[in-house]
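Going by my numbering, the sequence shown opens with residue 188, and the numbers climb by one from there.
Where a beta carbon is used, it is the ideal one built from N, C-alpha and C, also for glycine.
Input: a single structure, listed below in structure tokens.
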Amino acid sequence: MELAECNASTEQTFVFSDSGAISPAADPNLCLTLGDATRFGRSKQNQIKALSLETCAPESAAMQTWATRTGLD
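If you want it as structure tokens, here you go:
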């Protein structure tokens, strides 16, 4: 995954499922997946993680399930 200027292409369109998975609209069999390694920014609150698109799998749910937060929780 890398940041790029938005251009409305299908490669930049993602679907957010009710189960918490984030998948590219062009290939719903892939899920946004969190990497194992953690680096820290200026504080332990600022975590740096790799992101990739991997095949969605129940055994990877801990790294492929996303949710929103409110406030500072």
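Of the candidates Thr242, Gln232, Ser204, Val202, Thr242 places its Cα closest to the Cα of Leu221. Annotation for Ala237: the continuous beta strand (DSSP E) segment containing it runs 234-242. The beta carbon of Leu217 sits closer than 8 Å to those of Ser210, Pro211, Leu240, Glu241, Thr242, Cys243, all from its chain and outside the five residues before and after it, given in chain order. Ser247 sits in a helix when the DSSP states are folded into three classes. Ala208 sits buried, since 16 or more C-beta atoms from the chains shown fall within 10 Å of its C-beta.
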